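Below is one structure, written out as structure tokens; the observations come after it.
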Amino acid sequence: MSTSEFGQALRRWRGRVSPEAAGLPPGGRRRVPGLRREELAQLAGISADYITRLEQGRAINPSAQVIEALARALGLSAAERAHLFGLGGLQPPGARSVPSEITPSVRRMLERLTGTPVAVFDAAWTLLAANTAYAALMGDPAGWNERERNGVWRAFLGLSGRVRSTPESRHALQVALVADLRAVTASYPGDQRIKRLIADLRAHSDTFAELWESGVAGHHEAARKTIVHPDVGPVTLDCDVLSVAGSDLRIMVYTADPGTEDAKRLELLTMLHQSDGDDQTLRDLGAPEAQATLSQDPEFVPK
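Spelled out as structure tokens, the structure:
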């Protein structure tokens, strides 16, 4: 631990928090702004003497529980909390489960890109929401059950999809999905839903079990995909995966080269979908247990 830096950060953040903001009485005149050590100790449930020793660099190796309590008492942001853990020589504890909250800006993107297939996934490739253009291209995910929405499950257990793939591209996709799933388990070790998924995949797919044991590395990359649509035929599109700053959300976007036959077919199938009476722009798929899980392209559309 960098004791001097840890102590400096602690003093700096203590100095910016007023007693009133922390829910404490003003406490009379103060020589310096911010919380007194005794007040921070009261808020964090830590002895004032220990806080003094931390700030002076005489105490080393604070526990994760101590750092978490200090971060909470000081009202630190997520980035500041992570920085304090780093100064203490520790990794900040991850969330128990993969976050599934969609930010307002991402929702606006879904609503406004009406002619472009867009879907939002969490860090584990769980489908959280999709717009009508995506539903037109891949099929409406609202009626899929949890396993049907699971792209890893579909990739390894042979469930049908609209994305045309070769044995080589399918294997590369499987490798990337296993690597992604392994990374998710490292970031969110307490997510029981992911643990159940992995256990089921290992029990039902020898290929998945072999790849899982092999420790493969990789990640899902942007690619050019051919989707065989039942109404308009094959449509070749660029599939790009965008990351959301400050979030584990991933946005998958399908686009066609302007003026091409693929662009015309994409526009046609979107119009056909809307003409069927479905003018809903945003498909929010609800709670994680009922959401899509772990998309492969996503290549998880029922026939």
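Positions in the sequence shown are counted from 1; adding 20 to them yields this note's numbering.
Beta carbons are placed, not taken as given, at the ideal position from N, Cα and C, and that holds for glycine.
Quantities reported herein were computed from a predicted structural model and do not represent experimental measurements.
The Cβ atoms of Pro-112 and Ala-102 sit closer than 8 Å to each other.
Thr-152 is the residue among Gly-279, Ala-68, Thr-152 whose C-alpha sits nearest the C-alpha of Leu-292. Counted as a single uninterrupted DSSP element, the stretch harbouring Ile-66 is not any beta strand (DSSP E), since DSSP gives it neither H nor E. Burial is judged here by how many other beta carbons sit within 10 angstroms of a residue's own beta carbon; Gly-181 has at least 16 and is buried. About 6 Å separates the CB atoms of Val-37 and Leu-94; that is less than 8 Å, so the two are in contact. Taking the C-beta atoms as reference points, Leu-96 is found no nearer than 8 Å to Leu-107. Boundaries of the beta strand (DSSP E) around Thr-275: 270-275. Each of Gly-163, Ala-219, Pro-82 was checked against the Cα of Arg-202, and the nearest Cα belongs to Ala-219. Rounded to the nearest angstrom, the Cβ distance from Leu-148 to Pro-161 is 10 Å, too far for a contact under 8 Å.
Rounded to the nearest whole angstrom, the CA to CA distance from Thr-134 to Ile-87 is 45 Å. When the five nearest sequence neighbours on each side are left out, the beta carbons in the same chain lying within less than 7 Å of the beta carbon of Leu-63 are those of Ala-42, Ala-93, in order along the chain.
Under the three-pair Cβ rule at 8 Å, the region 167-181 does not count as touching the region 233-242.
If you draw a straight line from the Cα of Trp-164 to the Cα of Leu-193, it comes to about 22 Å. In this structure, Phe-141 sits away from Phe-176, with a CB-CB distance that is not shorter than 8 Å. By the neighbour-count criterion, in which 16 or more other beta carbons inside 10 Å mark a residue as buried, Val-172 falls on the buried side. If you check the CB distance, Arg-285 and Gly-253 come in under 8 Å. Between Asp-260 and Ala-143, the C-beta spacing is not below 8 Å.
Bridge pairing for Phe-141: Leu-147, Arg-270 [DSSP].
Excluding sequence positions up to five before and after Thr-72, its CB lies within less than 7 Å of the CB of Arg-57, all in the same chain and listed in chain order. Beta-bridge analysis with DSSP links Ser-263 to Arg-270. One Cα belongs to Gln-294, the other to Ala-155, and the distance between them is close to 10 Å. In this structure, DSSP gives Thr-256 an extended state, which the three-state scheme calls strand. Out of Thr-280, Pro-39, Asp-211, the CA that lies nearest to the CA of Ala-61 is found in Pro-39. Distance from the CA atom of Ala-139 to the CA atom of Ala-84, rounded to whole angstroms, is 36 Å. In its chain, beyond the 5 residues on either side, Ala-139, Val-261 have a beta carbon closer than 6 Å to the beta carbon of Met-272. His-239 and Gly-54 have their C-alpha atoms some 46 Å from each other. Excluding five sequence positions before and after Ala-68, the CB atoms of its chain that fall closer than 6 Å to its own CB belong to Arg-57, Glu-58, Ala-61, given in chain order. In this structure, DSSP gives Val-248 an extended state, which the three-state scheme calls strand.
Per the coordinates, the alpha-carbon of Ala-29 lies some 30 Å from the alpha-carbon of Val-118. The three-state secondary structure of Arg-92, taken from DSSP, is helix. Under the rule that a run must span 4 or more residues, the alpha helix (DSSP H) segments found entirely inside the region 180-212 read 187-207. In this structure, Thr-280 lies away from Leu-257, with their beta-carbon atoms at least 8 Å apart.
Looking at the backbone, the Cα of Pro-187 and that of Ala-243 are separated by about 16 Å.
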